[in-house]
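S.K.: In the numbering used here, the protein residues as written are 330 to 1038.
Backbone N, C-alpha and C fix where the C-beta goes; we use that ideal spot for every residue, glycine too.
Mind having a look at this structure? Questions to follow.
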């Protein structure tokens, strides 16, 4: 933060824009068109390593990068925050690098604040609404976890009171250890670890702060409790024999939280999205050192095994177009990857190369022309402000629980394709504060319901479920927002097919643009629009534009009546969406020009339960009415945080090959459209519940705050 502050203080020409994704919001060619002369890639680490662990990513297991990002970027540890980051003890960390050390110490520091915040808010809510109202939101498992947090929180508060009375600093460590503490598990001895080689003092400091260390421990299996939450981990115990670490036993360790810090890959997502842009060297961009000829750089690929301070830095990628180059730094660079000190060294070693690139231009500058250059710079910065700074245009209530937010964000709108989405949130520093709580939303993954590229407008539709989505209704026209994107993958649009679109509730918002694109590509579109309640219906005209035939379905619940149709070819049904499909396919709804038996391509978007029901019904109740060879795609609503296509790994979705049973993992923020038959929906449902105890409390807390605002 000090480096950022000093940079801003000293450089009037320095500008920093958030919410800009390289390759999504702006491409290389777009950067040159905007007037930039050089691109320096300093985007940090990319995908975390997925270890071979049976029952990997059951509830209670996270990637360390997911935890650390949630802790630092959402401000979850702050008493004023509405962010939800649920951690249980005892906790374990897998890994031997500095990230593993950092994760272990941050877990110890975070837990007391977490449970204190829960107990303080819980007590105020019970006093306001009554215990029955507060607790009725929770199921049996959530109540069990809530009681655990409340018990620990009250003990933590007692220690705070004792310390305050004695004029001491609270000592939470004995309590944390009593509850199981935090253990770092490493497969070898700690002296063999990257953390020891890079900065052994951090290990010493972490041990002094109270983490446990378990050497020679390699994880084999995560073990669930009766609710599907992590209960224990089975480890292979190793011992050093004749210079090698060999298996000696297997042990089961009770753990309620497991955090994986087993290394990362470089962040080369641009190359994945835009192949053939760069020459690669395994996972990294290929290093190039320039030969200088009359002030111009001739790039020479490097094959040496260079190290920091040894050999040439070679900060150039292979990119060379019209005299423009791209350099790379930190964890993206094979010489400097690994820690923040090396990352800073890469900047120190690399910036002279950029200066040399422009040495001739700098030498030729006429001081007398500085005023004109300042004017041109200001004009460029004004253009960048218009493109990259997002603000609210209007907020529209569509139903009692659904909000539309229209945002002016020209750069974010420009590259949108049907099916893609954005991350949206308000600024913490500008958010109002009510009773000590700042009304700042966590990042929300919302699709572009419609986009006007000429006007630079993006329409996002949110279902008010938790505190963050409910905050959307409090935003006003003119409010600045962070709108990151576009991200995700464009939905594949076939041609000349019969396409079946299935939308559940809010999922229908995603299908507006997809259905229109399908029809524009010469496809016939059958659209099933399902709703829990009649009052949940919104944007009927947009659904009609996206379809050749609609079947409206509303659940058979008290007070629900059939949704009226406005076109002669459309149908309506009272029942769930699978029941509606069966009725349609069997001919119960009468003769239609399009039939389920014609469907080649199926896309379903809705809750995890709704998509799981469609997946199963295709092999049961719907089997007689669908082609055996039809393709089925689900737009997967994994929990998400960074949405940058493989950085935090919160969005990992478990796949199981229906034939071999082999498990794999997909980054849902990289490609949300996934083969329906591969998705492990029970695992997805479990991961969507990873923060529910905090989320339900936060939502009621927001109700309390808004009533008292």
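Using alpha carbons as the reference points, say which of 381, 436, 571 and 368 lies closest to residue 550.
M.R.: Looking up residue 550 in the chain shown gives position 221. That would be 381, whose Cα lies nearest to the Cα of residue 550.
S.K.: Using 8 Å as the threshold, is the C-beta distance between residue 427 and residue 528 below it?
M.R.: Numbered from its first residue, the chain shown carries residue 427 at position 98. Numbered from its first residue, the chain shown carries residue 528 at position 199. Yes; because the gap between Cβ atoms is below 8 Å, this pair is in contact.
S.K.: If you draw a straight line from the alpha carbon of residue 882 to that of residue 901, how long is it in whole angstroms?
M.R.: The residue you call residue 882 lines up with position 553 of the chain shown. The residue you call residue 901 lines up with position 572 of the chain shown. If I take the Cα positions, the gap works out to 6 Å.
S.K.: Can you tell me the Cα-Cα spacing of residue 1037 and residue 775, whole angstroms?
M.R.: Here residue 1037 corresponds to residue number 708 of the chain shown, with the count starting at 1. Here residue 775 corresponds to residue number 446 of the chain shown, with the count starting at 1. So the two alpha carbons sit approximately 29 Å from each other.
S.K.: Is it true that the stretch 382-389 meets the stretch 748-763, where meeting means three or more beta-carbon pairs spaced less than 8 Å apart?
M.R.: These segments do not touch.
S.K.: Going by DSSP, what residue range makes up the beta strand (DSSP E) through residue 550?
M.R.: Sequence index remark: in the chain shown, residue 550 carries index 221 (1-based). Counting along the chain, the beta strand (DSSP E) containing residue 550 begins and ends at 546-553.
S.K.: Could you tell me the distance, in whole angstroms, from the CA atom of residue 772 to the CA atom of residue 753?
M.R.: For the purposes of this step, residue 772 is taken as residue 443 along the chain shown, with counting starting at 1. For the purposes of this step, residue 753 is taken as residue 424 along the chain shown, with counting starting at 1. Approximately 5 Å between the Cα atoms of the pair.
S.K.: Can you tell which of 868, 993, 973 and 984 has the C-alpha that lies nearest to the C-alpha of residue 999?
M.R.: What you label residue 999 is simply residue 670 of the chain shown in a count that begins at 1. Per the Cα distances, 973.
S.K.: Determine the closest residue to residue 668 out of 336, 374, 983 and 1022, with distance taken between C-alpha atoms.
M.R.: The sequence position of residue 668 within the chain shown is 339, counting from 1. Checking every option, the nearest Cα to that of residue 668 belongs to 374.
S.K.: Taking only runs that begin and end inside the stretch 883-912, name each unbroken beta strand (DSSP E) of 3 or more residues, in chain order.
M.R.: 900-903
S.K.: Among 348, 506 and 455, which residue has its Cα nearest to the Cα of residue 438?
M.R.: Taking the first residue of the chain shown as position 1, residue 438 is located at position 109. Ranking 348, 506 and 455 by Cα distance to residue 438 puts 506 first.
S.K.: Assign residue 338 to one of two classes, buried (16 or more other C-beta atoms within 10 Å of its C-beta) or exposed (fewer than that).
M.R.: The residue labelled residue 338 in the question sits at position 9 within the chain shown. Residue 338 comes out exposed.
S.K.: Beta-carbon within less than 6 Å of residue 836's beta-carbon, same chain only, minus the 5 sequence neighbours each way: which residues are those?
M.R.: Position 507 of the chain shown holds residue 836. Result list for residue 836: 934 and 935, in chain order.
S.K.: Where DSSP assigns a beta bridge to residue 636, which residues make up the other side?
M.R.: By one-based count along the chain shown, residue 636 stands at place 307. Note: residue 636 sits in a beta bridge opposite 639.
S.K.: Helix, strand or coil: how does DSSP classify residue 361 here?
M.R.: Counted from its first residue, the chain shown places residue 361 at position 32. Residue 361 falls in the helix class under three-state DSSP.
S.K.: Specify, as a first and last residue, the run of the beta strand (DSSP E) that residue 1047 falls within.
M.R.: No statement about residue 1047 is possible, as the shown extent of the chain runs from 330 to 1038 and does not include it.
S.K.: Under a three-way DSSP split, which group does residue 588 fall into?
M.R.: Within the chain shown, residue 588 is the residue found at index 259, counting from 1. DSSP, reduced to helix, strand and coil, places residue 588 within a strand of the structure shown.
S.K.: In this structure, how does DSSP classify residue 881 when only helix, strand and coil are distinguished?
M.R.: For the purposes of this step, residue 881 is taken as the residue at position 552 of the chain shown. Note: residue 881 maps to strand in three-state DSSP.
S.K.: Cα-Cα, which of 517, 385 and 940 is closest to residue 546?
M.R.: Taking the chain shown and counting its residues from 1, the one referred to as residue 546 is at position 217. Nearest option by C-alpha distance: 517.
S.K.: Assuming residue 411 and residue 435 are in contact, meaning their beta carbons sit under 8 Å apart, how far apart are those beta carbons, in whole angstroms?
M.R.: As a working mapping, residue 411 is identified with position 82 in the chain shown. As a working mapping, residue 435 is identified with position 106 in the chain shown. Contact doesn't hold; Cβ gap of about 20 Å is too wide.
S.K.: Taking a contact to mean a Cβ-Cβ separation below 8 Å, would you say residue 648 touches residue 607 in this structure?
M.R.: Sequence index remark: in the chain shown, residue 648 carries index 319 (1-based). Sequence index remark: in the chain shown, residue 607 carries index 278 (1-based). Contact: yes.
S.K.: Distance check for residue 949 and residue 563, CA to CA, integer angstroms please.
M.R.: Indexing the chain shown from 1 puts residue 563 at position 234. Indexing the chain shown from 1 puts residue 949 at position 620. Rounded to whole angstroms, residue 563 to residue 949 spans 38 Å at the Cα level.
S.K.: On the criterion of 16 or more Cβ atoms from any shown chain inside 10 Å, does residue 694 qualify as buried, or is it exposed?
M.R.: If you number the chain shown from 1, residue 694 lands on position 365. Flag for residue 694 reads exposed.
S.K.: If you drop the 5 nearest sequence neighbours on each side, which residues of the same chain put their C-beta closer than 7 Å to that of residue 996?
M.R.: Numbered from 1 along the chain shown, position 667 holds the residue referred to as residue 996. So the list reads 974, 975, 980 and 981, once near-sequence residues are dropped.
S.K.: Near residue 355, what residues of its chain come up, given a Cβ to Cβ distance below 7 Å and the 5 sequence neighbours on each side ignored?
M.R.: Position 26 of the chain shown, counted from the start, is the residue given in the question as residue 355. Cβ neighbours of residue 355 within its own chain (closer than 7 Å, five residues either side excluded): 349 and 740.
S.K.: Suppose you measure from the CA of residue 459 to the CA of residue 421; what does that come to, to the nearest Å?
M.R.: Counting from 1 along the chain shown, the entry for residue 459 is found at position 130. Counting from 1 along the chain shown, the entry for residue 421 is found at position 92. Computed Cα separation, rounded: 36 Å.
S.K.: Going by DSSP in three states, residue 731 sits in which element: helix, strand or coil?
M.R.: As a working note, residue 731 is residue 402 in the chain shown. Three-state result, residue 731: strand.
S.K.: Report the start-end ranges of each beta strand (DSSP E) in the stretch 375-456 that is 3 residues or longer and not cut off at the edges.
M.R.: 390-392 and 420-423
S.K.: Check whether the stretch 444-455 and the stretch 478-497 touch, using three or more Cβ-Cβ pairs below 8 Å as the test.
M.R.: yes
S.K.: Are there 16 or more other CB atoms within 10 angstroms of the CB of residue 468, so buried, or fewer, so exposed?
M.R.: Within the chain shown, the letter at position 139 stands for residue 468. Counting Cβ neighbours within 10 Å, residue 468 comes out exposed, since fewer than 16 surround it.
S.K.: At which residues does the alpha helix (DSSP H) containing residue 524 begin and terminate?
M.R.: Here residue 524 corresponds to residue number 195 of the chain shown, with the count starting at 1. Taken as a continuous stretch (DSSP letters only), the alpha helix (DSSP H) holding residue 524 covers 523-538.
S.K.: Does the Cβ-Cβ distance between residue 796 and residue 733 come in under 8 Å?
M.R.: Indexing the chain shown from 1 puts residue 796 at position 467. Indexing the chain shown from 1 puts residue 733 at position 404. No, the Cβ-Cβ distance between residue 796 and residue 733 is not below 8 Å.
S.K.: What are the partner residues of residue 780, as DSSP defines its beta bridges?
M.R.: If you number the chain shown from 1, residue 780 lands on position 451. 787.
S.K.: Among 898, 963, 894 and 838, which one has its Cα closest to the Cα of residue 867?
M.R.: Against the chain shown, residue 867 aligns to sequence position 538. Closest option to residue 867, Cα to Cα, is 838.
S.K.: Curious, which full-length beta strand (DSSP E) runs of at least 3 residues does the stretch 675-733 contain?
M.R.: 719-728
S.K.: Whose CA, out of 601, 778, 621 and 419, lies closest to the CA of residue 440?
M.R.: Looking up residue 440 in the chain shown gives position 111. Check the Cα spacing between residue 440 and each of 601, 778, 621 and 419: the tightest is with 419.
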